[in-house]
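A short worksheet on the structure shown next.
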Amino acid sequence: MVTMQEALNGNSKRSGRILKIDDSHIVIFDDFRNVKLNEKADLVFADPPFGIDFKGNLQTYHRKPDALSYVEVPKEEYPEFIRSLLEWSYNVLKDSGSMWLLSGWNNLRVVLDAVEDVGFIQLNHCIWKYQFGVFTKRRFTTSHYHLLLLVKDEDNYTFNKPEHYAEDVWYIKRLYHHGERTAGNELPDELVEKCIQTSSNKGDLVVDPVLGSGTTMKVCLKLERRCVGIEINPELEKRIKQKLRLNLFRRPQKEPSGE
């Protein structure tokens with residue numbers, strides 16, 4: 407098995423700083439397109455920006471501007487961005503690897519076209535149904551997201567069936583942070599756990615190219631998966647440290663050191 411340090415040694419293009427949680431869990435603050443790893447991943451989990459033009463203000467969507475710290479992608483740049491994300495993920499994965507990709511409905515057509523063009527096989531199109539979507543006056547309230555399970559080889563991938571009768575509509579409560587500075591749409595642990603448990607095994611390498619607040623890293627620590635997280639916004643380091651310091655399972659509750 408390639409060690410995490412050996413995997414990172416191959417990352418000749420990386421320019422960002424590294425937050426090392428331990429030898430098997432590392433955050434790289436950089437654009438994922440600048441990152442190259444020597445070790446192939448078993449699973450990529452990605453919850454990218456949705457490329458929504460919020461009427462001229464890309465930083466605000468039912469939130470106060472100073473309470474939001476994620477980096478949105480302008481709508482006109484979204485097709486190129488999502489294609490780059492999928493191509494990068496495809497190249498990072500083992501031939502037996504899988505990818506979970508979240509999407510809103512707004513640019514779903516763009517996402518699905520890119521999935522096919524890159525060469526992924528869509529194994530499942532799941533729906534995450536949550537409570538209390540953003541209120542709208544002249545259309546139905548949106549209260550769901552799309553989760554695409556993608557593979558490179560439909561005859562060779564990991565699938566640990568979560569339930570005897572596993573359905574593709576998941577009812578999971580959404581997180582809300584009233585007045586807190588967040589990474590935008592922070593995902594509930596339950597959702598991320600379901601994806602990671604289904605598509606990887608203990609000791610596997612999980613990569614999140616758009617880490618955000620660090621939920622994927624937190625879940626990998628709990629489930630004993632190795633993890634490389636990549637986050638373009640260095641302002642989220644404090645939020646990531648906060649989340650992991652409070653939730654380091656079977657580890658001393660101290661703040662991770664930055665190296």
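Numbering (the working numbering), first residue to last: 407 to 665.
The beta-carbon is built from N, C-alpha and C at its ideal position, and this holds for glycine as well.
At the C-beta level, Q537 and K579 come within 8 Å of one another. For N607, the closest of Y563, K624, Y571 and E596 by C-alpha to C-alpha distance is Y563. By the 16-neighbour rule on beta-carbons within 10 angstroms, K600 is buried. If you look at Y496, you'll find it in the alpha helix (DSSP H) that goes Y484 to V498.
Look at S502 here: in three-state DSSP terms it is strand. Closest by C-alpha distance to L529, out of N512, F565 and D453, is F565. Judged by DSSP secondary structure, K481 falls outside any alpha helix (DSSP H); it is assigned neither H nor E. Using a Cβ distance threshold of 8 Å, S509 and H552 count as a contacting pair. Nearest neighbour of L611 by Cα position, chosen from D436, N444, F435 and R423, turns out to be N444. Excluding residues up to 5 positions away in sequence, T547 lie with their Cβ nearer than 7 Å to the Cβ of F541 in the same chain. From the listed residues G422, V613, L593 and V517, the smallest Cα separation to K481 is found for V517. In the DSSP assignment, L629 falls outside any beta strand (DSSP E) and within the unbroken alpha helix (DSSP H) covering T621 to L629. Counting only runs of at least 4 residues, the segment 534-605 fully encloses the following alpha helix (DSSP H) elements, listed from N- to C-terminal order: 595-605. A distance below 8 Å between beta-carbons, with the five flanking residues on each side excluded, links W576 to the following residues of its chain, in chain order: C532, I533, W534, K535, L553, L597 and K600. For the pair I646 and L425, the CB atoms are nearer than the 8 Å cut-off. Per DSSP, R651 is one residue of the alpha helix (DSSP H) stretching across E643 to R651.
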